[in-house]
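To start, the structure itself, in C-alpha cells.
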Amino acid sequence: METLRWMYQVYPTYRNTLGVLGFSITVETWATKFSSEPVEAKIEDFLWSFGERLAALSEDAFNTQVAALIKPRECEDAHLWEEVDHSWFKVVTQKYLFSRLHKEIPDAEGHDADQ
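Each residue of the sequence shown is one higher than the one before, counting from 1403 in our numbering.
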C-alpha cells in the first residue's frame, strides 16, 4: 500500500442523515503544490477497494462492526462537561437532535450488510 501523507490529509466521519447511515471522507491537499488528479485517483481507488472489502465481509464481521458503532453511543456522559460539549456542538452545527442516543442506536441496529 502506498502512503503519501505529505501530499494530503484524510479525515473520516460517520454520518447519520435522516436514518441513513454512511460515512464521509474529507481530503485536504495543497492546491498550489499538487494537481488534484492524483488525489482524485487515490480517492477512487480507495472507494473501489472499500466497496470490495465491505462486500467480502461475513455477516458476523459486519455485525461486529455495527456493534462497535453502537457501543460508544450507549454510554451516558460521565461528566457534565461531556454533556455540555455534545449539546453545544448540536447548537453550533444547528443539528438540534438532543435525544441522539435514543435515535441513532435503533437506526444503526436496523441495517444489514446489503443496505
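Note that beta-carbon positions come from the ideal geometry of N, C-alpha and C, so glycine has one too.
Coarse secondary structure for E1430, derived from DSSP in three states: One-based indexing of the sequence shown puts residue 1430 at position 28. Reduced to three states, the DSSP call for E1430 is strand.
Whole runs of the alpha helix (DSSP H) within the stretch 1442–1480, excluding any shorter than 4 residues: 1461–1476
Inter-residue spacing [alpha-carbon to alpha-carbon] between C1477 and S1489: Taking the sequence shown and counting its residues from 1, one reaches residue 1477 at position 75. Taking the sequence shown and counting its residues from 1, one reaches residue 1489 at position 87. Roughly 15 Å between the two C-alpha positions.
Nearest residue (CA-CA) to T1428, options L1456, E1454, V1441 and V1486: Here residue 1428 refers to the residue found at position 26 of the sequence shown. It is V1441 whose Cα lies nearest to the Cα of T1428.
CB contact flag (L1482, Y1416, <9 Å): One-based indexing of the sequence shown puts residue 1482 at position 80. One-based indexing of the sequence shown puts residue 1416 at position 14. No, Cβ-Cβ distance for L1482 and Y1416 is not below 9 Å.
Where L1499 sits in the DSSP three-state scheme: Taking the first residue of the sequence shown as 1, we reach residue 1499 at position 97. The answer is coil: DSSP assigns L1499 none of H, G, I, E or B.
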